[in-house]
Amino acid sequence: MHQRATTRQPAVSGLFYPSDPTTLAAQIAAFLRRTPPVPRSDVPPKALIVPHAGYVYSGPIAAQAYRLLIPFSDRIRRVVLFGPAHRVPVLGLALPETSAFRTPLGDVPVDVAASAVALQHPDVERSERAHLLEHALEVQLPFLQQILDDFAIVPFVVGWVEPHKVAEVMTQLWGGPETLIVVSSDLSHYHPDAEARALDQRTLQRILAFDPTLEPDDACGSTAIDALLIAAKQHGLTPELIAYGTSADTEGPLDRVVGYASVAWFPAHGAATHLH
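The sequence shown begins at 98 in my numbering and counts up by one.
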């Protein structure tokens, strides 16, 4: 099946983030202003793990990861996105049939050449249905549009598939400093706040220790996180925990929270200068 010259329309504009472009841009700018200063570095992060809830809940945590891209806005030209399937059962990994994704900030092109490379993997297929209502990838795009100058995406919805297969796809598209990998995932879901924080700290310790055995109860994007841990170890990346919080820190109740974290992965030779 060929990639169609059509545009995937936003599914959660006005729900997870503002539908008005001026309001949306102002909200993201405010999140970024409230983050710590961007650390000095000559290399961009190679990969990020970022949350995907409504911006009022997880936007401040996501912004702390995305701020790391600001000095490299003209260098990162391809973003390879991996997010879990929330709406439609998926076997393997699903690329869209459309050639662009629309948000209130404009259209983001899908990287046709990189998609063709990924489709050579037996676990990758095209499925417009998998992408139609999925929010996990969509909510990342306005942050990227606000920061990066000119980029294309390779957006994967990750379903039932072994993590090492997803790691193979990551490695296919690894590229150089022009390519960023983004794994979209929240952490624990619907526990009391204190319990969620304890669970999430254990999960984050496992992520930082390259333990690729996370399950969906640990993080909804566990398959892609496990894959990133496999690929990051193979490529010698070093992780940094950037930010952590729960929905109770912003707008949510204390008795049923969702955990959010941002983790960045750097080439080992550059990691020590980033965040200390």
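Think of the CB as a built atom: it goes at the ideal place given N, C-alpha and C, for glycine as much as any other residue.
Quick caveat, the model's predicted, so the values are computed rather than measured.
Out of Ala108, Gly356, Ser359, Leu351, which has the shortest C-alpha to C-alpha gap to Arg226?
-> Position 129 of the sequence shown, counted from the first residue, corresponds to residue 226. When each option's Cα is compared against that of Arg226, the closest is Ala108.
Would you call Tyr287 buried or exposed, if buried means 16 or more other Cβ atoms sit within 10 Å of its Cβ?
-> Locating residue 287 in the sequence shown gives position 190, where the first residue counts as 1. Tyr287 comes out exposed.
Buried versus exposed, by CB contacts within 10 Å (16 or more), Leu234 = For the purposes of this step, residue 234 is taken as the residue at position 137 of the sequence shown. Counting Cβ neighbours within 10 Å, Leu234 comes out buried, since at least 16 surround it.
Hey, could you find the ends of the alpha helix (DSSP H) Gly156 is sitting in?
-> Stepping through the sequence shown from its first residue, residue 156 is reached at position 59. Run containing Gly156: 152-163, per the alpha helix (DSSP H) assignment.
Residue from Leu188, Ala295, Asp246, Pro201 with nearest C-alpha to Arg223 | Position 126 of the sequence shown, counting from 1, holds the residue named residue 223. For Arg223, the closest alpha carbon among the candidates Leu188, Ala295, Asp246, Pro201 is that of Leu188.
Can you tell me which of Asp117, Gly111, Pro157, Ala365 puts its alpha carbon nearest to the alpha carbon of Arg130?
-> As a first step, residue 130 must be located in the sequence shown, where it is residue number 33. The candidate whose alpha carbon is nearest that of Arg130 is Pro157.
Starting from Phe198, follow its DSSP beta bridges and name the residues at the other end.
-> Position 101 of the sequence shown, counted from the start, is the residue given in the question as residue 198. Bridge partners of Phe198: Arg105, Val205.
May I ask you to report which of helix, strand or coil DSSP gives Arg175?
-> Reading the sequence shown from its first residue, position 78 is the one you call residue 175. DSSP, read as helix, strand or coil, puts Arg175 in strand.
Below 7 Å CB to CB, which residues in the same chain sit around Gln242 once its five sequence neighbours on both sides are set aside?
-> Mapped onto the sequence shown, residue 242 falls at position 145. So the list reads Thr200, Leu202, Gly203, Val205, once near-sequence residues are dropped.
Per DSSP, Glu222 is paired with what?
-> Position 125 of the sequence shown, counted from the start, is the residue given in the question as residue 222. According to DSSP, Glu222 bridges with Ala191.
Between which two residues does the alpha helix (DSSP H) carrying Pro239 extend?
-> Sequence index remark: in the sequence shown, residue 239 carries index 142 (1-based). Here the alpha helix (DSSP H) through Pro239 covers 238-244.
Report the rounded CA-to-CA distance for Ser170 versus Ala340, giving the unit in angstroms.
-> One-based indexing of the sequence shown puts residue 170 at position 73. One-based indexing of the sequence shown puts residue 340 at position 243. Approximately 21 Å between the Cα atoms of the pair.
Just the Cα atoms here: how many angstroms apart are Phe198 and Leu178?
-> Counting from 1 along the sequence shown, the entry for residue 198 is found at position 101. Counting from 1 along the sequence shown, the entry for residue 178 is found at position 81. C-alpha separation (whole angstroms): 12 Å.
Report all residues from its chain with a CB closer than 6 Å to the CB of Ala126; omit the five preceding and five following residues, and keep chain order.
-> Here the question's residue 126 lines up with position 29 in the sequence shown. Same-chain partners within the cutoff: there are none.
Do Leu121 and Leu145 come within 9 Å of each other at the CB atom, strictly closer than that value?
-> Position 48 of the sequence shown, counted from the first residue, corresponds to residue 145. Position 24 of the sequence shown, counted from the first residue, corresponds to residue 121. No. Outside cutoff.
Distance, Cα to Cα, Asp346 vs Pro336?
-> Counting from one through the sequence shown, the residue named residue 346 turns up at place 249. Counting from one through the sequence shown, the residue named residue 336 turns up at place 239. Between Asp346 and Pro336, the C-alpha separation is close to 24 Å.
Backbone CA spacing between Ile322 and Ala293 [nearest angstrom] = Mapped onto the sequence shown, residue 322 falls at position 225. Mapped onto the sequence shown, residue 293 falls at position 196. If I take the Cα positions, the gap works out to 19 Å.
In terms of residues, what are the limits of the alpha helix (DSSP H) holding Thr120?
-> As a working mapping, residue 120 is identified with position 23 in the sequence shown. Per DSSP, Thr120 is one residue of the alpha helix (DSSP H) stretching across 118-130.
For Phe169, three-class secondary structure by DSSP | Counting from 1 along the sequence shown, the entry for residue 169 is found at position 72. Residue state for Phe169 is assigned as helix, using DSSP reduced to three classes.
Measure how close the beta-carbons of Phe363 and Lys330 come, nearest whole angstrom, since I'm counting them as under 8 Å.
-> Walking along the sequence shown from the start, residue 363 turns up at place 266. Walking along the sequence shown from the start, residue 330 turns up at place 233. Contact doesn't hold; Cβ gap of about 14 Å is too wide.
DSSP state of His371, grouped into three classes?
-> Against the sequence shown, residue 371 aligns to sequence position 274. Confidence at His371 is low in this model, with a pLDDT of 31, below 50, so its placement is unreliable and no value can be given for it.
How would you call Leu300, buried or exposed, if buried means at least 16 neighbouring beta carbons within 10 angstroms?
-> Walking along the sequence shown from the start, residue 300 turns up at place 203. First, the residue type needs correcting, since residue 300 is Thr and not Leu in the sequence shown. Looking at its Cβ environment, which holds 16 or more other Cβ atoms inside 10 Å, Thr300 is buried.
Round the Cβ separation of Val147 and Pro168 to the nearest angstrom and send it over; I've been treating them as touching at under 8 Å.
-> Position 50 of the sequence shown, counting from 1, holds the residue named residue 147. Position 71 of the sequence shown, counting from 1, holds the residue named residue 168. The Cβ separation is near 18 Å, so there is no contact.
If we call anything under 9 Å between Cβ atoms a contact, is Gln217 one with Ala159?
-> The residue given as residue 217 occupies position 120 in the sequence shown. The residue given as residue 159 occupies position 62 in the sequence shown. Contact: no.
Please report how far the alpha carbon of Gln302 lies from the alpha carbon of Ala324, in whole angstroms.
-> Numbered from its first residue, the sequence shown carries residue 302 at position 205. Numbered from its first residue, the sequence shown carries residue 324 at position 227. Roughly 16 Å between the two C-alpha positions.
Glu265 - containing alpha helix (DSSP H), residue span | Here residue 265 is taken as the residue at index 168 of the sequence shown, counted from 1. 260-269 is the extent of the alpha helix (DSSP H) around Glu265.
Is it buried or exposed for Glu259, if we count other Cβ within 10 angstroms and need 16 for buried?
-> For the purposes of this step, residue 259 is taken as the residue at position 162 of the sequence shown. The residue is exposed, with fewer than 16 neighbouring Cβ atoms inside 10 Å.
Hey, quick one: how far does the alpha helix (DSSP H) through Leu326 stretch, first residue to last?
-> Working through the sequence shown from its first residue, we reach residue 326 at position 229. Taken as a continuous stretch (DSSP letters only), the alpha helix (DSSP H) holding Leu326 covers 319-331.
Contacting residues, own chain, Cβ-Cβ under 8 Å from Gln106 (five flanking each side not counted) = For the purposes of this step, residue 106 is taken as the residue at position 9 of the sequence shown. Here the set comprises Arg199.
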